[in-house]
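Below is one structure; the comments refer to it alone.
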Amino acid sequence: MPKVVETQSMLLQILILVFFFFSASVKNGNAGITSTFIRSEWPSNDIPLDHEVFAVPKGHNAPQQVHITQGDYDGKAVIISWVTPDEPGSSKVQYGVSKKSYDFTAEGAVRNYTFYNYTSGYIHQCLVDGLEYDTKYYYKIGSGDSYREFWFQTPPQINPDTPYKFGIIGDLGQTYNSLSTLEHYMQSGAQAVLFVGDLAYADRYMYNDVGIRWDTWGRFVERSAAYQPWTWSAGNHEIEYMPYLGEVIPFKSYLNRYPTPHLASKSSSPLWYAIRRASAHIIVLSSYSPFGFDKVSDKHDSGSLKFLQSAGLAAICTLGVRLVCNGVHQNCTLVEQPEDYQLTSAVLPETYLPLKYTPQWEWLIEELEKVDREKTPWLIVLMHVPIYNSNEAHFMEGESMRAVFEEWFVHYKVDVIFAGHVHAYERSYRISNIHYNVSGGDCYPAADESAPVYITVGDGGNQEGLAERFRDPQPDYSAFREASYGHSTLEIKNRTHALYHWNRNDDGKKVPTDAFVLHNQYWGSNLRRRKLKNHHLRSVAGWVSSF
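The sequence shown lines up with residues -31 to -1, 1 to 516 when you count with mature numbering (1 follows the signal peptide of the UniProt record, and there is no 0).
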């Protein structure tokens, strides 16, 4: 009798799912839903500097702007960062598994930097490694009467059926809308944040206020980031290229303040890297790294050199190519071509070699090859600029990255790609556009069961406001879109299923708005599914759709 009841219950759940999916499809067509919700928008102004959310901790030289991120490849380490405003002080972290009992010590390093006439506080970064899985650790930083205490929980051991809940936030800023997003996220029960770029929006300010607004943002997010790891990715507002201030080093503030464990994944840059956490393999890509220019050399790509060699100097100089011929540098000017010239290297402009052969390109293909879906079945990619976006804001800005990387995303069966940048929310169906080239093929995105779901969550609440103009008609690949602030959660249940939620900030209230069951791309195949035993999907009654 219990088996009959269980079977009936499962059939009911399936019928409910089919009903919701069929209703959405019939009512809205293949192109999905454009929400008609119009928010009574709070002003998109930054919170005043004297607000309590930016309060400086009491005590001389007390640590502030505390945040943690994963410190290794597999989740047994954290990097703890903080700032002391007056003097360097101690870079030591005391920690242990009991409150007020700190049996272990790790020593970090301290630095500071200048930006225009602003000088940062003393930025401490300490790697705490050799931790046990699934353990709550308490830690203490600072000295004297100004010390502060926090805690964090390490993830469960890597296992394909380990449940884990991620929050996803992007384009946060430091407005009242940002505060609403952060507070709602902290009520979600998620265990770690996947952040898709554009942190403080400090570059919206000028002169010394740039640095000051980095400080306020660090104190603003400390309420969450000091207690659970935030996985960072950089956006355009982290570039801070400001020649009028004499500041021309990209990502200067961001790289000084927010370390990443890039060396653990053999990345050459902290802007792109990978981690494994619980049952997920997470890859962070950089939309704004200098990947548009590539040095081609004998060791690097003899094929490209042979092509340029055969083209002749007169031809390739018209392309804006910097050359080294017979060891002599040649600029982008027409030059005499010696009969015996040998092309040693060349640097091509972005139009000719977007992304390809650069360090990020080479690192990504190696990292994708390393992914073991038997151990970490969920393959998640973070980037800032969305590859698929039907908003007028930033339309097609991700096209160059799509042209080079999308085929890999499909081939390696990436489950979901999260992006920000567009200040609205949008979710796609599983689609790809990998069959088109200049010689033929369909030039429109098409349904593709092997493709990822693309989700844009650039809706954290920053001062630039919402991107309210979606393109009309809604393209077929777009499943749901809405111009509102909010945050998302991805709750992994086991190796086959995860539950996804997007929550709207409705004038300060958290409103669940978009949700679906995500089927794992690797373990979702019928052949592998038949091999599984005792892995059942929990109740999904009431969910809108299923992928």
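Every residue, glycine too, gets a C-beta built ideally from N, C-alpha and C.
Residue i - containing beta strand (DSSP E), residue span
i: ASP475; result: 466 to 475
i: THR53; result: 47 to 53
i: ALA372; result: ALA372 -> not in any beta strand (DSSP E); alpha helix (DSSP H) instead, spanning 368 to 380.
i: HIS250; result: 249 to 253
i: GLN122; result: 117 to 122
i: THR458; result: 455 to 461
i: LYS61; result: 61 to 65
i: TRP347; result: 347 to 351
i: GLN126; result: Segment: none, GLN126 is in no beta strand (DSSP E) and carries neither H nor E.
i: GLU395; result: 394 to 397
i: GLN94; result: 91 to 97
i: ARG246; result: 242 to 246
i: GLY136; result: 133 to 138
i: THR229; result: THR229 -> no beta strand (DSSP E), and no H or E assigned at all.
i: SER447; result: 447 to 451
i: GLU76; result: 73 to 76
i: LYS109; result: 105 to 110
i: LEU141; result: Counting along the chain, LEU141 falls outside any beta strand (DSSP E), and DSSP gives it neither H nor E.
i: LEU168; result: Taken as a continuous stretch (DSSP letters only), LEU168 belongs to no beta strand (DSSP E), as it is neither H nor E.
i: SER388; result: The question names Ser, but residue 388 is Ala in the sequence shown. ALA388 -> beta strand (DSSP E) spans 385 to 388.
Environment of residue i [buried if 16+ CB atoms lie within 10 Å]
i: THR150; result: buried
i: GLU451; result: buried
i: LEU317; result: With a pLDDT of 39 at LEU317, under the threshold of 50, the modelled position of that residue is not reliable, and the figure given next carries that caveat. Looking at its Cβ environment, which holds 16 or more other Cβ atoms inside 10 Å, LEU317 is buried.
i: PRO212; result: exposed
i: ASP267; result: Unreliable placement is indicated for ASP267, whose pLDDT of 36 sits below 50; the coordinate value is still reported in the next sentence. Label assigned to ASP267: exposed.
i: VAL253; result: buried
i: PRO442; result: exposed
i: PRO346; result: buried
i: GLY28; result: exposed
i: GLY(-3); result: Reliability fails at GLY(-3), whose pLDDT of 35 lies under 50, so the model's placement of it is uncertain and the value that follows must be treated cautiously. Per the 10 Å Cβ criterion, exposed.
i: VAL385; result: buried
i: GLU257; result: It is Tyr, not Glu, that sits at residue 257 in the sequence shown. Looking at its Cβ environment, which holds 16 or more other Cβ atoms inside 10 Å, TYR257 is buried.
i: GLU209; result: buried
i: LEU18; result: exposed
i: PRO239; result: buried
i: PHE220; result: buried
i: LYS(-5); result: Below a pLDDT of 50, predicted positions are generally treated as unreliable, and LYS(-5), at 32, falls in that range; the measurement from the model is reported next regardless. Exposed is the call here.
i: GLN143; result: buried
i: ALA249; result: buried
Residue i versus the options, residue with shortest Cα-Cα distance
i: TYR154; options: THR131, ARG192 and SER408; result: ARG192
i: LYS109; options: GLY99, CYS95 and TYR102; result: CYS95
i: ARG440; options: HIS404, ASN358, PRO346 and GLN432; result: ASN358
i: SER115; options: HIS231, LYS221, SER59 and ALA243; result: SER59
i: ALA390; options: GLY99, ASN14, ALA415 and GLY367; result: The question names Ala, but residue 390 is His in the sequence shown. Out of GLY99, ASN14, ALA415 and GLY367, GLY367 has the C-alpha closest to the C-alpha of HIS390.
i: ALA203; options: LEU163, ARG173 and VAL373; result: LEU163
i: GLU361; options: ALA436, VAL52 and GLU336; result: ALA436
i: LYS61; options: SER112, GLU343, TYR196 and LEU232; result: SER112
i: residue 517; options: ARG438, HIS20, ARG226 and HIS466; result: No information on residue 517 is available, as it lies outside the stretch -31 to 516 that the chain covers here.
i: THR123; options: ARG80, GLY40, VAL79 and TRP330; result: GLY40
i: ILE334; options: ASN225, GLU395 and SER234; result: SER234
i: GLN329; options: ALA243, LEU348 and GLU209; result: ALA243
i: TYR64; options: TYR106, VAL79 and VAL52; result: TYR106
i: TYR394; options: PHE84, SER453, ARG245 and ASP184; result: SER453
i: TRP51; options: ILE424, VAL66 and ALA31; result: ALA31
i: PRO355; options: PHE374, SER157 and HIS93; result: PHE374
i: ASN489; options: GLU343, GLY136, SER147 and HIS353; result: GLU343
i: ARG246; options: THR465, SER237 and ASP103; result: ASP103
i: ARG226; options: ARG173, LYS462 and ALA169; result: ALA169
i: ASP43; options: ILE16, PHE6 and LEU100; result: LEU100
N- and C-terminal bounds of the alpha helix (DSSP H) containing residue i
i: HIS36; result: Where HIS36 is concerned, there is no enclosing alpha helix (DSSP H), although the beta strand (DSSP E) it sits in stretches over 33 to 39.
i: GLY180; result: 178 to 194
i: TRP150; result: In the sequence as presented, Trp is not what sits at residue 150; that position holds Thr. From DSSP, the alpha helix (DSSP H) with THR150 extends over 145 to 155.
i: GLN329; result: 328 to 339
i: LEU224; result: 221 to 226
Cβ distance (whole Å) where residue i is taken to contact residue j below 8 Å
i: ASN431; j: GLY455; result: Actually they do not touch by this definition, with Cβ atoms about 13 Å apart.
i: VAL340; j: PHE387; result: About 17 Å separates the two Cβ atoms, so there is no contact after all.
i: ALA161; j: ASP98; result: That belief does not hold up - the Cβ atoms of ALA161 and ASP98 are roughly 17 Å apart, past 8 Å.
i: PHE449; j: ILE2; result: 5 Å
i: GLY434; j: HIS380; result: 38 Å between Cβ atoms; not a contact.
i: GLU118; j: TYR91; result: 20 Å between Cβ atoms; not a contact.
i: ASP184; j: GLN34; result: 7 Å
i: ILE37; j: PRO228; result: Not confirmed; about 10 Å, so no contact.
i: THR458; j: ALA159; result: 5 Å
Closer than 7 Å: residue i CB and nearest the ligand FAD heavy atom
i: ILE16; result: Absence of the ligand FAD is noted for the structure shown, with no ligands found whatsoever.
Is the number of C-beta pairs between the stretch 416 to 432 and the stretch 393 to 400 that are closer than 8 Å three or more? yes
Is the stretch 18 to 36 touching the stretch 70 to 85 in the sense that three or more CB pairs, one from each, lie closer than 8 Å? no
For the stretch 172 to 190 against the stretch 78 to 90, are there 3 or more C-beta pairs whose distance is under 8 Å? yes
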